[in-house]
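The opening residue of the sequence shown carries number 281 in this note's numbering; numbering runs sequentially from there.
Since the structure comes first, as structure tokens, the remarks are kept for the end.
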Amino acid sequence: NRSIEDFLQRQPALLHRIQAQAKAPLQDAAAVNATRWALLNALKTTGLAVETGSGGRTKFNRTRLDIPKTHALDAACVGAVDQVRDWNRPVLAIRATGRGAYSRTRTFNNGFPRGYLIREKRIHGFQTGDWVRAEVPKGKKAGVHVGRVAVRLTGSFNIQTPDGTVQGISYRHCRLLQRADGYGYSFQLKPETEAARRAA
């Protein structure tokens with residue numbers, strides 16, 4: 281193991297630059313820490329009950345209560361926690377899906393076009409991402425289908441339901457429940473303790 285002075289003895293300019301950078305104060309970390317303490321002191325002046333916690337204490341609470349590691353359950357174990365009741369339940373998961381793209385052309389990785397999207401974003405008043413309820417009276421797809429719609433110019437839509445995608449549903453059977461807002465919503469099933477612990 282050679283020292284940096286020995287390793288860079290023929291490159292004094294580089295050695296000087298590295299040493300100057302190593303001795304520079306960690307300004308960003310200092311600013312974050314100062315802000316954190318200022319925020320804590322400001323909250324204490326309100327007279328409200330303020331409690332702090334650490335990552336180590338959160339993990340201690342989680343292992344003591346035998347709770348699997350997920351984002352939602354980690355938040356429930358922060359600070360002074362005696363018990364967490366009824367934690368084994370589904371959690372609402374929200375995913376950013378976007379509102380579509382301005383570009384009407386799909387390309388290969390080298391830039392050549394491989395497909396074109398429809399010019400209109402809305403077809404018969406619906407757009408991809410809308411939450412719809414389709415009541416199909418008869419046929420192979422008869423029944424009620426609720427989920428996210430993917431539109432086609434022909435008016436024959438696909439609906440993503442919890443049971444899978446149902447294809448070829450006419451727009452006439454669809455009723456709008458919620459307009460697309462750029463997010464996808466779903467419920468994550470109950471976390472199994474062993475599976476979540478293995479993932480952690």
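C-beta: ideal position from N, C-alpha, C; glycine also.
Exercise. What does a CB cutoff of less than 6 Å around Q458 pick up in its chain, not counting 5 residues either side in sequence?
Worked result: Taking the first residue of the sequence shown as position 1, residue 458 is located at position 178. Counting only residues of its own chain and dropping the five nearest sequence neighbours on each side, Q458 has a CB closer than 6 Å to the CB of W411.
Exercise. Going by alpha carbons, who is nearest to T350 out of V371, R344, A322?
Worked result: As a first step, residue 350 must be located in the sequence shown, where it is residue number 70. Closest by alpha carbon: V371.
Exercise. Looking at the unbroken beta strand (DSSP E) that takes in V429, where does it start and where does it end?
Worked result: The residue given as residue 429 occupies position 149 in the sequence shown. Looking at the DSSP string, the run of the beta strand (DSSP E) that includes V429 is 423-430.
For this session: Answer yes if the stretch 416-424 comes into contact with the stretch 379-389, meaning at least three C-beta pairs across the two stretches below 8 Å, and no otherwise.
Result: With a cut-off of 8 Å on Cβ pairs, the stretch 379-389 is not in contact with the stretch 416-424, counting fewer than three such pairs.
Exercise. What are the residues that DSSP puts in a beta bridge with E415?
Worked result: For this step, residue 415 is matched to residue 135 along the sequence shown. Checking the DSSP bridge columns, you'll see E415 partnered with V424.
Exercise. For V371, which residues does DSSP report across the bridge?
Worked result: Residue numbering aside, residue 371 sits at position 91 when the sequence shown is read from its first letter. Answer is Q468.
For this session: Check whether the stretch 332-342 touches the stretch 353-364, counting contact only when three or more Cβ pairs, one atom from each stretch, lie closer than 8 Å.
Result: They touch, by the three-pair rule.
Problem set entry | Exposure label - H425; buried when at least 16 CB within 10 Å | Indexing the sequence shown from 1 puts residue 425 at position 145. Residue burial is scored here from C-beta neighbours: H425 has at least 16 other C-beta atoms within 10 angstroms and is therefore classed as buried.
Exercise. For G395, which three-state DSSP category applies?
Worked result: On the sequence shown, residue 395 is found 115 positions in, with the first residue counted as 1. It is a strand residue.
Exercise. Cα-Cα, which of R365, G435, V429, A310 is closest to V446?
Worked result: Mapped onto the sequence shown, residue 446 falls at position 166. Nearest to V446 by C-alpha distance, out of R365, G435, V429, A310, is V429.
Exercise. Sorted by chain position, which residues of the same chain lie with C-beta nearer than 7 Å to Y382's C-beta, five sequence neighbours on each side aside?
Worked result: In the sequence shown, counting from the first residue as 1, residue 382 sits at position 102. Only residues of its own chain outside the window of five on either side were considered, and among them none has a CB closer than 7 Å to the CB of Y382.
Problem set entry | G448 versus D366: straight-line alpha-carbon distance, rounded | Here residue 448 refers to the residue found at position 168 when the sequence shown is read from its first residue. Here residue 366 refers to the residue found at position 86 when the sequence shown is read from its first residue. Linking G448 to D366 through their CA atoms gives a straight-line distance of about 41 Å.
Problem set entry | Beta-carbon gap between I403 and G435 smaller than 8 Å | Here residue 403 is taken as the residue at index 123 of the sequence shown, counted from 1. Here residue 435 is taken as the residue at index 155 of the sequence shown, counted from 1. Contact: yes.
For this session: Kindly provide the ranges of any beta strand (DSSP E) runs that are 3 or more residues long and lie completely inside the stretch 290-377, ordered along the chain.
Result: The stretch 290-377 contains these whole beta strand (DSSP E) runs: 371-376.
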